[in-house]
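> Sequences listed follow chains A and V, in order.
Sequential numbering of the first sequence, starting at 1, is according to this note's numbering.
Sequential numbering of the second sequence, starting at 1001, is according to this note's numbering.
All residues carry an ideal CB built from backbone N, CA and C; glycine is no exception.
One structure, pasted below without further comment.
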Amino acid sequence: MKRDIILAGVGGQGILSIATTIGTAALNVGLHLKQAEVHGMSQRGGDVSSNLRIADHEIASDLIPYGKADLIISVEPMESLRYLPFLSPDGWLITNTKPFVNITNYPEMGKLMAEIEKISNHIALDADEIAKKLGSVRSANMVILGAASPFLEMNYSDLQDAIRHIFEQKGVEIVKINLDALQAGRDFTEAHMN
Amino acid sequence: MDQKLMLLGDEAIAQAAIDAGISGIYAYPGTPSTEITEYVIQSVEAKSGQIRAGWSTNEKTAMESALGMSYAGKRAMVCMKHVGLNVAADPFMNSAITGANGGLIVVSADDPSMHSSQNEQDSRVFGQFAMLPILEPTNQQDAYDMVHFGFDMSEKLGVPVLMRITTRLAHSRAGVMRKPQRPQNEIHLPDDHRQFILLPANARRQYKSLLHKQDEFEKYSFNSGFNVFTDGENKSLGIITTGIAYNYLLENYPERNIPFPVLKIGQYPVPHSMVAAIYGSCDELLILEEGYPIVEESIRGFLNNGKTVHGRLDGSVPRDGELNPNIVAVALGLEDTRGKDIPSIVVSRPPSLCKGCPHIYSYNALNQALAEFSKGRVFSDIGCYTLGALDPFDAINTCVDMGASITMAKGAADAGLHPAVAVIGDSTFTHSGITGLIDCVKDKSKIMLMILDNETTAMTGGQDSSAFGRIEDICLGVGVNKDHIIILDPSPKFHDVNLAILKQELDYEGVSVIIPRRECIQTSIRHHKELKKIEIMAS
């Protein structure tokens, strides 16, 4: 088993919270893991990505080779497309549709969505909107993770346990918000696939 | 101890330093090295006072402090980014001559592809220049193990050891197994009380001793287990990898069935016998190095009249930038697995100043104050404010090295450019700006210096700044006229006031120091959160 995942977003959007959740779940079930992060200059509102690699065997490279990523998980629509050279022909692209506009030449949304639609295996959802309805827009990243969860080849309950583990110190309310967000994302994908 | 920790390469080095019994860690923040020292600062051992951990004013002071701790017989680590080693070069080069007493490891984190740097110099060159042993880990576990080994080697051979890492290892997480913690050294001064006195007579003796140790360094490289030869059936090609390049090679053989002989290098000097063996048994060689083609160049030789050597110099591998699995695949003639192209609609998203950042308002005022003059008068420096080079500010014209804003403005002013403006951050000012300011005061140079004081080292994540609370005193102390040390509040509501002051000081024919002061928006948010937490806990 191996899952190579590119996490994408804009510096400050907190993509590492997704990596931490998947990583915690993977470690809890004894899988190997490597996670390359971006620190430094790009964190100031630039494009950021993280290479998350999970396998039941030793992993060699910290970086995912071109064309080998099983998943691109993006919290921002334009950023989801930046890593297409890494996506495997049968890989999935899961992206938030809520744009993060901090540049003046951000592309037109319609054209952006048309490009995303061209990827045969894709799930696009407005995670911010879903999270807001659930009571906290800050849980949007967990909605995205939930939407990606059917493709992770991990038990859903392991992800739930990871969320409980990570957020338990912040109180039961925060745990619940994040678990609900995860479920809402998963429901979206399941409805979309059927 | 049998529990695996998920650590960044930087954190693996930090945990290893703690476990190997360091008494102190010294550093100036710099991507991708910062997390080493941060991790130690956050450790129980540092918080309880068993380990001295904190930020130095610059890499030179850090290196010297670490050398002093080694002199006193205790183990010390000093960390920096690659260009920081330039700043620490004087003590670093000379520490090879003095040698070490307590174990001393110098960690230099290189940034090939310049993700967050102004060049991609390879610290191994510096290690060879100093003639010191160099360790270059392949992965996070290696990094952890090498620190233990490095301290042992440093104490047994009596020399500092350079550890060279690169961005991908520094900032990638993987499982790491710890070793048992060992106690720190007691104070014990060098047996030879002249060892650290580099007067010519002593220095000549010490230098001979360093030269004499080179064979022993090579023996260590041969026996350590960090340089490994694995034979292969197909002798048409022999592959030599250094550091993390090995991982990219392995990645291309998922079954781990590499048909070619492979020499994996993790420690320098590279043992001649190992290179001779693979060179002798294979038709051609391919060298995969993260960084400069150092091993490649030395095997090729000046005349390149031996066997064919492929690598960065013959174009098999790009001459610059970091490696990745695909570059290695192409060099091996394997399939290029690149997927779909990036749609042309995707535009670049450069980093930018945060919303509410005080620098925004400093630059708005400066741009307007300079509007009546021709462009090209602003000499800047290394930090968040370097982003003032980008749209919408387009406010600065240089960024070279720590402190160069002040001295380059001086040189341009000396050449007759007036007004000439220097823009530097608070932490960069104390790092390397003060000496330049003294030059300006001494020469009565006509420069306007803006010290953008956000009360932190912001770009690297908000570490303490040595400048905190003492900038005016420093400026006064080096002789700047007190009427021309002016503090501003870089907030939009003070724009007009600030603009008027800048215009007035641009006219001044001497050294003027403007200090726009407001806390970094990121550390400010963090401090508010911490305060709130304390309030909640108190109630």
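Quick one: Cα of G12(A) to Cα of K34(A), how far?
Taking the straight line joining both Cα atoms gives about 22 Å.
> Report all residues from its chain with a CB closer than 7 Å to the CB of M1131(V); omit the five preceding and five following residues, and keep chain order.
Once the five neighbours on either side are set aside, the close Cβ partners of M1131(V) are A1096, L1210, Q1214.
> Which of the three DSSP states, helix, strand or coil, is assigned to Y1292(V)?
Residue state, collapsed to three classes: coil.
> M1153(V) CB to nearest chain A CB: under 8 Å?
Answer no: the Cβ-Cβ gap between M1153(V) and chain A never drops below 8 Å.
> Going by Cα to Cα distance, which pick from K1156(V), M1177(V), R1349(V) is closest to G1102(V)?
G1102(V) has its Cα closest to that of K1156(V), out of K1156(V), M1177(V), R1349(V).
> Considering I1451(V), what are the terminal residues of the beta strand (DSSP E) in which it resides?
It spans 1447-1452 - the beta strand (DSSP E) in which I1451(V) sits, taken as one unbroken run.
> Any idea what DSSP makes of D126(A), helix, strand or coil?
Coil, per DSSP.
> Decide if M193(A) is buried, meaning its Cβ has at least 16 other Cβ atoms within 10 Å, or exposed.
Looking at its Cβ environment, which holds fewer than 16 other Cβ atoms inside 10 Å, M193(A) is exposed.
> Would you call G1127(V) buried or exposed, if buried means 16 or more other Cβ atoms sit within 10 Å of its Cβ?
The residue is buried, with at least 16 neighbouring Cβ atoms inside 10 Å.
> Quick check: the Cα distance between A1109(V) and F1092(V), rounded to an integer number of angstroms?
If you take the alpha carbons of A1109(V) and F1092(V), they lie about 15 Å apart.
> Checking the sheet assignment: what are the DSSP bridge partners for S74(A)?
According to DSSP, which records beta bridges pairwise, S74(A) is partnered with A8(A), T95(A).
> At which residues does the alpha helix (DSSP H) containing G1436(V) begin and terminate?
Its alpha helix (DSSP H) spans residues 1434-1443.
> In terms of residue numbering, what span does the alpha helix (DSSP H) encompassing V1275(V) cover?
Looking at the DSSP string, the run of the alpha helix (DSSP H) that includes V1275(V) is 1272-1281.
> Strictly below 9 Å CB to CB, what residues from chain V border S136(A)?
Those within 9 Å of S136(A) in chain V number zero; the least Cβ separation is about 17 Å.
> Taking the alpha-carbon of V1044(V) as reference, which of M1069(V), Q1015(V), A1066(V) has the nearest alpha-carbon?
It is Q1015(V) whose Cα lies nearest to the Cα of V1044(V).
> Please determine, among G185(A), Q169(A), R164(A), the residue with the shortest C-alpha to C-alpha distance to K176(A).
For the residues G185(A), Q169(A), R164(A), the minimum Cα distance to K176(A) belongs to R164(A).
> DSSP three-state call for K1074(V): helix, strand or coil?
Coil.
> Specify, as a first and last residue, the run of the beta strand (DSSP E) that M1006(V) falls within.
1004-1008 is the span of the beta strand (DSSP E), which, as asked, contains M1006(V).
> Closer than 7 Å between beta carbons: that is the criterion. Which residues of the stretch 42-72 of chain A meet it against chain V?
Within the stretch 42-72 of chain A, the qualifying residues are S42, R44, G45, G46, D47, A60, S61, D62, L63, P65, Y66, G67, K68.
> Three or more beta-carbon pairs under 8 Å between the stretch 1024-1042 of chain V and the stretch 1069-1077 of chain V, yes or no?
Because the criterion of three Cβ pairs below 8 Å is met, the stretch 1024-1042 of chain V and the stretch 1069-1077 of chain V touch.
> What are the boundary residues of the alpha helix (DSSP H) that includes V1480(V)?
No alpha helix (DSSP H) holds V1480(V); DSSP gives it neither H nor E.
> Verify the CB distance criterion: does E115(A) have a CB-CB separation below 8 Å to chain V?
It does; some Cβ of chain V falls within 8 Å.
> If D1414(V) and S1445(V) are in contact, beta carbons under 8 Å, what's the gap, nearest whole angstrom?
Rounded, the Cβ-Cβ distance is 7 Å, consistent with contact.
> According to a CB-to-CB cut-off of less than 8 Å, which residues of the stretch 1312-1326 of chain V neighbour chain A?
The stretch 1312-1326 of chain V vs chain A, Cβ under 8 Å: N1324, P1325, N1326.
> Could you pull out every residue in the same chain whose Cβ sits closer than 7 Å to the Cβ of A1409(V), ignoring the five residues on either side in sequence?
Taken in chain order, the residues that qualify are F1379, A1420, V1421, A1422, I1447.
> Below 8 Å on the Cβ atoms is my contact criterion, and I expect V1176(V) with L1005(V) to pass it. Report the Cβ-Cβ distance as a whole number of Å.
That belief holds up - the Cβ atoms of V1176(V) and L1005(V) are roughly 5 Å apart, short of 8 Å.
> Among the residues of its own chain, which have a CB less than 7 Å from the CB of N1094(V), if the five just before and after it don't count?
Answer for N1094(V): L1198, listed in chain order.
> Is it buried or exposed, E1251(V), if we count other Cβ atoms within 10 angstroms and call 16 or more buried?
By the neighbour-count rule (16 or more Cβ atoms within 10 Å), E1251(V) is buried.
> Assuming the contact rule is C-beta atoms closer than 8 Å, G1021(V) and N1257(V) should be a hit. Round their C-beta distance to whole Å, please.
Going by Cβ atoms, the distance from G1021(V) to N1257(V) rounds to 41 Å, so no, they are not a contact pair.
> Using a threshold of 8 Å, state whether the C-beta atoms of S50(A) and A36(A) are closer than that.
In this structure, A36(A) lies closer than 8 Å to S50(A) by Cβ.
> Measure the CB-CB distance between T20(A) and I144(A) and report whether it falls below 8 Å.
No, the Cβ-Cβ distance between T20(A) and I144(A) is not below 8 Å.
> Can the beta-carbon of T1031(V) be found less than 8 Å from the beta-carbon of D1111(V)?
Closer than 8 Å, so yes.
> Quick check: the stretch 1345-1363 of chain V against the stretch 1386-1403 of chain V, are there 3 or more CB pairs under 8 Å?
Yes, the stretch 1345-1363 of chain V touches the stretch 1386-1403 of chain V.
> G1462(V) to I1239(V), Cα distance in whole Å?
Each residue's alpha carbon lies about 43 Å from the other.
> In angstroms with no decimal places, state the Cα-to-Cα distance between L97(A) and Y66(A).
Here the sequence assigns Thr to residue 97(A), which means Leu is not the residue at that position. Each residue's alpha carbon lies about 24 Å from the other.
> Given I1018(V), which residues of its chain have a CB within under 6 Å of its CB, disregarding the five upstream and five downstream residues?
So the qualifying residues of the chain are S1043, E1045.
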